[in-house]
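Q: Structure incoming, see below.
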Amino acid sequence: MLHIGCHLSATKGYLAMGKDALKINADTFQFFTRNPRGGKAKEIKESDVAAFLELAQAHQFTYILAHAPYTMNACSADESVRQFSCEMMADDLRRMEYLPGNFYNFHPGSHVGQGIDVGIAQITQQLNTVMKPEQHTTILLETMAGKGSEIGSRFEELRRVIDGVHLPEKVGVCLDTCHIYDAGYDIVTDLDAVLDEFDDVLGLDKLKAVHLNDSMNLMGSHKDRHAPIGKGTLGLSAICALINHPRLKNLFFILETPHDTLEGYGQEIVMLRECYKEG
Ligand code: FE
Ligand code: FE
Ligand code: ZN
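Take the sequence shown: its position 46, counted from the start at 1, is 45 in numbering that gives the first Met the number 0, and no numbers get skipped.
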């Protein structure tokens, strides 16, 4: 069974997201933990969470994925920004405990000229400050396109972050198909080699979720512009091969493709379910 969903607006709460997911035959979704540009998060309503959990159980949802705001930059050169990032992540993780056992994805950060070594040390430091042995959420580092000074466009950089954390068993990776292609990993003509490399550097057991996006740009462009499924440089056949790959097919996939309506995601889900082979 293909576990798939899309990014949804969180403004109406968890139950509303669950209902939207059902409308498009999804069994998961992603949402921002707060306004993507940062700011204060809405407090969780326990009745909303309870209603969502009931719906998720009744419809056999898989894991859901929270996404940190884009303003988070654990390796900003500005100490007050790093402090703010750290506080946002700690607060997000606290609220994630209402939905134990799920995943929290963040962009490792942009070192803005401080260099990769300093950046990685600051990201590691943020994780070590916010993570608690008793937390029930796995934090995912997102693979990045390598735009500007972004850290995380090479598997080795993610490995170094994970090597520096005190609770590595609570840290995993979310692979964004647009980002890794833009970063130069050839998932169109040699997916097996890319997965072998991921396995060698990070271990495939660290791969917990996939952001399924086509790309508007060529491999290695470092651009990060998502395209609808089948309408970009990856193309439908490469994407179908990816969701059917024996080492990936049991993960869950989140669409972050550009659409104005839920229906746009719904059509992609129909198409992807059609090309998915059970078993
Ligand atoms: Fe992201
Ligand atoms: Fe993504
Ligand atoms: Zn992106």
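Idealized CB from N, CA, C, for every residue including glycine.
(1) Run through the DSSP bridge pairs and tell me what residue 104 is partnered with.
(2) Within 10 angstroms of the Cβ of residue 178, are there 16 or more other Cβ atoms? Answer buried if so, exposed if not.
(3) Relative to ligand 1, is the shortest distance from any of its heavy atoms to the C-beta of residue 141 smaller than 7 Å?
(4) Rounding to the nearest angstrom, what Cα-Cα distance links residue 22 and residue 117 in this structure?
(5) Can you find a heavy atom of ligand 3 that lies under 7 Å from the Cβ of residue 221?
(6) Does DSSP put residue 5 in a helix, a strand or coil?
(7) With DSSP as the reference, label residue 181 as helix, strand or coil.
(8) Relative to the C-alpha of residue 55, which residue among 225, 131 and 18 is closest?
(9) Considering Cα atoms alone, identify which of 2, 96, 246 and 24 is closest to residue 48.
(10) Kindly indicate the opening and closing residues of the beta strand (DSSP E) around residue 207.
(11) Which residues does DSSP list as the beta-bridge partners of residue 253?
(12) Going straight from the alpha carbon of residue 30 to that of residue 8, what length do you get?
(13) Tell me which residues share the same chain as residue 253 and place their Cβ nearer than 8 Å to its Cβ, disregarding the 5 neighbours each side in the sequence.
(14) Between which residues of its own chain and residue 111 is the CB-CB distance below 7 Å, once the five residues before and five after are set aside?
(15) Please report the distance separating the alpha-carbon of residue 130 from that of residue 98.
(16) By Cβ distance, which residues of its chain are closer than 8 Å to residue 227, with the 5 residues on each side in sequence left out?
(17) Is residue 163 closer than 8 Å to residue 152 when the C-beta atoms are compared?
(18) How is residue 173 classed by DSSP in three states: helix, strand or coil?
(19) Since residue 87 and residue 68 should fall inside the 8 Å C-beta cutoff, what is the C-beta to C-beta distance between them, to a whole number of angstroms?
(20) Going by alpha carbons, who is nearest to residue 290 out of 243, 157, 224 and 109?
(21) Going by C-alpha to C-alpha distance, which of 206, 229, 233 and 205 sits closest to residue 218?
(22) Is residue 225 close to ligand 3? I mean its beta-carbon at under 7 Å from any heavy atom of the ligand.
(23) Does DSSP put residue 31 in a helix, a strand or coil?
(24) When you compare the CB positions of residue 62 and residue 197, do they come within less than 8 Å of one another, or not?
(25) For ligand 2, is there a heavy atom less than 7 Å away from the beta-carbon of residue 175?
A: Looking at the atomic coordinates:
(1) For residue 104, which the question treats as bridged, DSSP gives the partners 66 and 139.
(2) So residue 178 counts as buried.
(3) For residue 141, the distance from the CB to the nearest heavy atom of ligand 1 is below 7 Å.
(4) Residue 22 and residue 117: Cα-Cα distance of roughly 45 Å.
(5) Not so, every heavy atom of ligand 3 lies at least 7 Å from the Cβ.
(6) In the structure shown, the three-state DSSP call for residue 5 is strand.
(7) Here residue 181 sits in helix by DSSP.
(8) Restricting attention to 225, 131 and 18, the CA atom closest to the CA of residue 55 is found in 18.
(9) Taking residue 48 as reference, the option from 2, 96, 246 and 24 with the minimal CA-CA separation is 96.
(10) For residue 207, the enclosing beta strand (DSSP E) stretches over residues 206-211.
(11) In the DSSP assignment, residue 253 is bridged to 4 and 210.
(12) Taking C-alpha positions only, residue 30 is separated from residue 8 by approximately 6 Å.
(13) For residue 253, same chain residues with a beta-carbon under 8 Å away, outside a window of 5 residues either side, are 3, 4, 5, 6, 27, 28, 29, 64, 208, 209, 210 and 211 in chain order.
(14) Cβ neighbours of residue 111 beyond the five flanking positions: 75, 76 and 148.
(15) Roughly 16 Å between the two C-alpha positions.
(16) For residue 227, where only same-chain residues beyond five positions count, the Cβ hits under 8 Å are 213, 256, 257, 258, 263 and 267.
(17) Not a contact, by the Cβ cut-off of 8 Å.
(18) Secondary structure of residue 173 (DSSP, three-state): strand.
(19) Indeed, because the Cβ distance is near 7 Å, the residues count as touching under 8 Å.
(20) Past the boundaries of the shown model lies residue 290; the chain is included only from 0 to 278, so the question cannot be answered.
(21) Minimum Cα distance to residue 218 is reached at 233.
(22) Result yes, Cβ under 7 Å from ligand 3.
(23) Strand at residue 31.
(24) No, Cβ-Cβ distance for residue 62 and residue 197 is not below 8 Å.
(25) At least one heavy atom of ligand 2 is nearer than 7 Å to the Cβ of residue 175, so yes.
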